[in-house]
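Please read the structure below before turning to the comments.
Chains as they are written, first to last, in this note's numbering: chain A, 2 to 313; chain B, 2 to 313; chain C, 2 to 313; chain D, 2 to 313.
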């Protein structure tokens, strides 16, 4: 590896690998904390500097270019294709100082922007893999998740020692495969969350206790449990996954699916529903899709009692 | 309890409770074996006598009436409302000899037929609860599942010692609640299975490895694992849950939901898809819905290679 | 024809055919007025007597039985299966005095109740055809519509002289065919009205003038024109066709389609939408489904200006 | 108007306006014939020269640039955004020789490519309006259709004398409005055609005569009549509107609608169905969507008899 300005240590003990994390939102900051906790040296950057400082690990750089200059590994965790382009390109962008780094894209940005940026990354002598995490930020902190990496085998192996700190690492195919698979996973998650809301509400309309129904659905999809307050108490903050972001992911997924003529009617319909929720309260957690049902049938959560009476 | 002809034992040790199981299909036979294995005395009946004999536990009765005559507890596990009516009514039906038994309905028959039969059951001095199992028959054999019971609390408590042998018992509400909640659960299951098929196929169309995609989806819905051969090898027998039965359950569920004006667009759409699959191969496992996608997009499983080339 | 108590006229001119119209809602009263206007003698009955009196033609009977007693032809125009049963059965029902009449069912009640009542009708020596009208009540007043009749050819011919006064008569198949075809037609109408609302709203969101869009859609579906006030001014009264009735028809249609395993995904989805509209304002005209869209996208009609600015 | 090299005529009679038609497919050739028939002088160009020659009117140019060089008005009628770009740009593209012409875009290309090309057009001193036709090519030949024009009022007025030869002209809003409204209209058409296929097939499954059902649906949507052979005889050639083109239009429409957060569930679902039909036989007429239904329910057209038996 052509490591730029790798620090040497006096006593001969090997220097710690330095990792830049560009983008310190929910997922980026969880990644940074986990990597710092497992002994790596961190450099953080975020468009909102105070957010990077708030993470409380490593040092904070002024620009992506500055963050990349002194590290061996660069992880990006951003909100979408535009943010990724903005972070890589331009005079203070990550690629301005890149030279032989290992880039790891961990956002859900879709395969198009990856293909677009890839030649620009490799031109700097750097490698590029896309390796999103399957799982929620809290689990990343324990290294308990699955990391799905796309790219050349050799490039994936080169960053194995980093990615394995975040969870089980799985090489899932050529470059872009991680991103595509992540879109499939998030489409699945979106549908699970929406249909659970539909059925919990329909069950309540039919006189069933919401909590009991939720417990039964959670037996089948254990990860629903982390959204209990959303489903039962209409509390959708803080957002583990904002409905705005789910909509973005569904749009990216449908773009990928439609391009290869895949037939995805349920996903397309789910996207329309999520869009409605996103139009109203984009920053709430995706559990807020339940409001779409509660409101629509003329009451939902609020008129449970009345309905119960009506069923009997 | 007004136990008709309860056998007394010579040495004074308490007689074993006798349970009739009416209907010995996949679920009924699993229930019978589990109850026999935990020390109860079984009387079986099935419309197809050889099927009851094949279970290999207890004795086999000629008619529902004969089966009910000498037992304290009667469990029904049948294919639908018509079968339930046929088993309860008529001169050789279960109610012909009923007198003070505890009836437990464990099929997925929907609440309407239950309401219809209930006064006829109570008129015999018997009690009636609806208590379907959430889970697949194999798990019932280990007593590892959840039993969701609807009915008067006293009636549910009266059969607790039987139902707890089959799994965790939960009293979920008034009579009919078990049946309604089971319809909610099966609607959820049907959607999970269908959307997993849609997304696995769309992912394959987009160049992803089917096995890898399946693994990721299974992380989110662990119970998909038991359908691995269906999703990856197009093998849909033996059916754990026949697509014909899922369609029946979705129709019952939509009937319940529509009556209370619940808004269930995704469920309604899923029903249409499942119906298509059921029209072709009704006896296959519900994993066979994947054929709907594979065929539709002009190849699916078969043209994976071609598509892969196209994506890159 | 076994005409009970047909009146003779003094001068020997042939007596006018007497027709009972049972149910004088929007359609029933239009039928009665048209038939009276073309020279038939009318006897009216409605559950709400004042409504029958308000029609202003013929005489008003106390009960269906009384209305039927002195006529040759009986037309029913009611709100659904229950109303039809209530009108035919019981001591003061139409069948109590029926003897050799020609019964014509012109409601949208679905084929099931027709099959149920048919043997009871023929037992009285009467004939029975189902002959709904395709078209709106106002057109019936000019005899400008299409009447689709199901039944034995001879039975249909026997009432031709009555039905042709209401519009073009077409014998569409065996008994029940008129009712089934009417359900198909109303399902089509419901979809047209809903998708027009969806597209007009989406067009407005994209900056198009609502009136212009409506004109273009109306070129393709001329009958939309009668709902101009609904689409453009949010005025949905008086209801030409109440959303509650459309929902009922869609439920009947889906019942018919599902029984024969027809695959009807769009219809099933449309039903869910209409149901939502019906839950809120059941008595408004079906054009009110547009509120579903306007509300959902966060404004619709109200924020047109803002959106326009946003697009360009 | 800055008319480049407008020919003068000897006797002083005003010279005929020269119009270039770029793209002579179904619609382009109908436009060219109609304009020639009403006295304009035509220059045609098509990527496939023989197709332009086959139109039989005007002269044929080698390149778009050559076609544009000597005319006052330029009409484009192409298959999509890519074709439009290819025709306008490059050394032999339409803009290479443009200077003060009136450009009229009459394809269904969506608003994005229009916005992209507009500054390039105006830079040549030319004007640009988008003015698609609502209607089928045969009607254009009689000048019986509606032309919906978007653009500055002055630019639309400037080409009024040309567009009014093709049908009623309506100025529908700023530049791009014609294109957006055309997408709305084609989305409506696609849904009408699909739901008619769904309901005709469901009706046939329920025992109704296909021809009778088709007649009733056609009463509500007269333009269905031109697809009679498709709906009743499974003949989908020649394509009036190829299913591949409908899919393209639905994708463009959904792109427009999603960008402004319009809620379009029915349209999104229709797109998925059309996509399936397009994957199989892209060049057939859109009436071929009926195959989707016939096949799905296990027979459709072919098993009508059997089903009829089953219903009775």
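Idealized CB from N, CA, C, for every residue including glycine.
Bridge-paired residues (DSSP) for residue i
i	result
residue 19(A)	42(A)
residue 75(B)	21(B) and 104(B)
residue 149(C)	171(C)
residue 95(A)	Partner(s): none; residue 95(A) has no beta bridge.
residue 129(D)	104(D)
residue 155(D)	Per DSSP, none; premise fails for residue 155(D).
residue 1(B)	Any answer about residue 1(B) is impossible in this case: the structure gives chain B only from 2 up to 313.
Neighbour flag for residue i against chain B, beta carbons, 8 Å
i	result
residue 265(C)	yes
Contact list for residue i against chain C, beta-carbon separation under 7 Å
i	result
residue 214(D)	182 and 185
residue 199(D)	265, 267 and 268
Neighbouring residues, chain C, relative to residue i (Cβ below 9 Å)
i	result
residue 270(D)	266, 267 and 270
residue 93(D)	Those do not exist, as residue 93(D) stays about 33 Å from chain C at its closest Cβ, beyond 9 Å.
Amino acids of chain D, ordered along the chain, whose beta-carbon sits closer than 7 Å to that of residue i
i	result
residue 262(A)	276 and 280
residue 202(C)	263
Proximity below 8 Å, CB of residue i to CB of residue j
i	j	result
residue 169(A)	residue 148(A)	yes
residue 1(B)	residue 184(B)	Outside the modelled stretch of chain B, which goes from 2 to 313, sits residue 1(B), for which no answer is possible.
residue 43(A)	residue 58(A)	yes
residue 92(A)	residue 114(A)	no
residue 171(C)	residue 150(C)	yes
residue 222(D)	residue 222(C)	yes
residue 20(D)	residue 61(D)	no
residue 144(C)	residue 131(C)	no
residue 190(D)	residue 238(D)	no
residue 204(B)	residue 112(B)	no
residue 181(A)	residue 209(B)	yes
Under 9 Å from the C-beta of residue i: neighbouring residues of chain D
i	result
residue 113(A)	Per Cβ cutoff of 9 Å: no residues; residue 113(A) is ~15 Å from chain D at best.
7 Å Cβ shell around residue i - same chain, five flanking residues per side excluded
i	result
residue 56(D)	25, 30, 33, 34 and 45
residue 125(B)	96, 99 and 100
residue 146(B)	134, 135, 136, 140, 167 and 168
Proximal residues of chain A, C-beta to C-beta of residue i below 9 Å
i	result
residue 252(D)	259
residue 190(B)	221
residue 196(B)	188, 189, 192, 193, 196, 267, 268 and 271
Same chain, Cβ closer than 6 Å to residue i, five either side skipped, listed in chain order
i	result
residue 128(A)	103 and 156
residue 236(D)	230
Residue i at chain A interface by Cβ criterion, 8 Å
i	result
residue 206(B)	yes
residue 106(B)	no
residue 217(B)	yes
residue 178(B)	yes
Neighbourhood of residue i by C-beta, 8 Å cutoff - its chain only, sequence neighbours within 5 removed
i	result
residue 252(B)	272
residue 154(A)	172
residue 232(A)	197, 198, 201, 211, 215, 225, 288 and 291
residue 256(C)	111 and 113
Contacts of residue i in chain B (Cβ-Cβ under 7 Å)
i	result
residue 220(A)	135 and 147
The ligand ADP heavy atom lying under 7 Å from the CB of residue i
i	result
residue 199(B)	Within the structure as shown, the ligand ADP is missing, as the structure has no ligands at all.
Residue i at chain C interface by Cβ criterion, 8 Å
i	result
residue 339(D)	The shown model of chain D, from 2 to 313, leaves out residue 339(D), and the question about it has no answer.
residue 174(D)	yes
residue 209(D)	yes
residue 30(D)	no
Residue i at chain D interface by Cβ criterion, 8 Å
i	result
residue 246(C)	no
Within chain A, partners of residue i - CB distance below 7 Å
i	result
residue 224(B)	221
ask   = When Cβ atoms are compared, which residues of the segment 274–295 of chain D fall closer than 9 Å to chain E?
value = The structure shown has no chain E; the protein chains it does contain are A, B, C and D.
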